[in-house]
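Heads up, the thing below is written out as structure tokens.
In the UniProt record's numbering, the protein residues as written are 1 to 495.
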């Protein structure tokens, strides 16, 4: 049974909020991933710090030695206010998805909200950051030059959600009718799905509808998008009605028309032309690609992240997609910069930086199972980016202690933005990091949940105070996985 309890772990909403300098708590989060704990409730707040990339990876000390990082873990374990259950986050994720445009509402309910979602005049106002220097077209984008199908080693949805996995047919379909294929804008390749449902499995119908909606609203002009998103007779509307009325044959017919219409646009070169005009990746597309990668690589093996060696504990906590995007905004991360995530877990933040900002992106993780899943994510990420036609920045995921890994230390010297979740670090480990920061270039931004400069020290004996200018910020509720409450973080600049 999944450690995500009885809630689905596959729903990631698309809306992203952006906050200013200081914000008041806002409504319940729109994005979340489940927390993974050991056999006892553990402090998920120790993301990165004790062991996890700020975005999705557990980390435990590799052996019960008295290293500073093990001490950090033990210190975190003694803090009762950091404890929480994985079920809480799972519920938040489920609730967030229920509020998305792809929920199971009646086809005629909330019609005004639905129509506003697909209004062409509003579709162009999608949150992203303009970067004139970035070229978004994937170098292997298929634009109809030949009829041969691309070779892409993706993990198909059917490999993780199928009748063979004890899922059941939906929309009144028989078992021999559930197989379908889905076309994407960047490649002459179709992903295989089965229209089935199973607990903690990919919902094929929802996944397909989300892809259709994003293709129509992001990759096409208003005129091109009309057959896809027309509010009365468009393909997306037909998919939605068929799903809600359990008309499986109607759903498959609408999907077939989508595949044919998109293929025609690809052959005309329309998709390539439209991508060339883009200068930023909308954040809902970023979240969808990252969710697809995670759902097909990490989620089916997520229990591995709860395994640890004797004498250690496993702590998991993550900065959610909106928080990470806000960090990128505040640090002005661009495609020409270098990003380093110290404690990258399964690589979620590292991949997000490469996709959302197109920068050179580094991560370093020491937990073996997390590293293995990170490598699987990196492989799937590369294939998915080609499938969507988007060129990400170069990704480097390193194994080992970020305090000692030579390639990571070399990347730090070139870094423009460094992320380190030191929520539960000991003073010893924070001191080690400060000494590492001596090698950072002037102007490098360091994002942390706790400051490295403390009021009870003087500039005369505090190395951190002498090399870092610190700004304090607040984040709203729903920005981290371990609590729904708001909190604070810091951005330090190397003097």
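Cβ atoms here follow ideal geometry from the backbone N, Cα and C, with glycine treated the same way.
Taking its Cβ as the centre, do 16 or more other Cβ atoms sit within 10 Å of residue i, making it buried, or is it exposed?
i, result
"residue 331", "buried"
"residue 394", "exposed"
"residue 146", "exposed"
"residue 489", "buried"
"residue 273", "exposed"
"residue 343", "buried"
"residue 223", "exposed"
"residue 207", "buried"
"residue 341", "buried"
"residue 451", "buried"
"residue 325", "buried"
"residue 246", "exposed"
"residue 360", "buried"
"residue 440", "buried"
"residue 428", "exposed"
State yes or no: is the C-beta of residue i nearer than 7 Å to some heavy atom of the ligand SAM?
i, result
"residue 200", "This structure simply doesn't include the ligand SAM, nor any ligand for that matter."
Taking the alpha carbon of residue i as the point to measure from, which residue in the options has its own alpha carbon closest?
i, options, result
"residue 380", "212, 139, 292", "292"
"residue 433", "402, 454, 441, 414", "402"
"residue 199", "178, 465, 376, 165", "165"
"residue 411", "378, 468, 209, 364", "364"
"residue 280", "207, 373, 490, 131", "131"
"residue 373", "348, 388, 361, 391", "348"
"residue 508", "138, 157, 415", "In this structure the chain extends from 1 to 495, so residue 508 is not present and cannot be described."
"residue 149", "263, 133, 170", "263"
"residue 473", "318, 260, 487", "487"
"residue 214", "204, 225, 326", "225"
"residue 191", "283, 464, 240, 259", "259"
"residue 484", "245, 171, 319", "319"
"residue 353", "327, 409, 423, 228", "327"
"residue 445", "481, 392, 329, 383", "329"
"residue 174", "248, 161, 233, 269", "248"
"residue 396", "346, 468, 322", "346"
"residue 251", "270, 196, 466", "196"
Per DSSP, residue i is paired with what?
i, result
"residue 298", "For residue 298, which the question treats as bridged, DSSP gives no partner whatsoever."
"residue 362", "340, 396"
"residue 172", "Bridge partners of residue 172: none, in fact."
"residue 482", "DSSP output for residue 482 lists no bridge partner at all."
"residue 446", "418, 492"
"residue 469", "493"
"residue 179", "194"
"residue 474", "488"
"residue 152", "DSSP output for residue 152 lists no bridge partner at all."
"residue 319", "480"
"residue 505", "Because the chain here runs from 1 to 495, residue 505 falls outside it and cannot be looked at."
Please report the Cβ distance between residue i and residue j, rounded to the nearest whole angstrom; I am assuming they are in contact, meaning their Cβ atoms lie under 8 Å.
i, j, result
"residue 443", "residue 494", "6 Å"
"residue 355", "residue 418", "Going by Cβ atoms, the distance from residue 355 to residue 418 rounds to 19 Å, so no, they are not a contact pair."
"residue 194", "residue 163", "6 Å"
"residue 297", "residue 155", "6 Å"
"residue 187", "residue 386", "6 Å"
"residue 275", "residue 136", "6 Å"
"residue 479", "residue 282", "That belief does not hold up - the Cβ atoms of residue 479 and residue 282 are roughly 20 Å apart, past 8 Å."
**Study point:** Three or more C-beta pairs below 8 Å linking the region 327–342 and the region 291–306
**Key:** In this structure the region 327–342 does not touch the region 291–306; the number of beta carbon pairs closer than 8 Å is below three.
Review point. Can you find at least 3 beta carbon pairs, one from the region 164–183 and one from the region 254–265, that sit closer than 8 Å?
Key: At 8 Å Cβ cutoff, the stretches touch.
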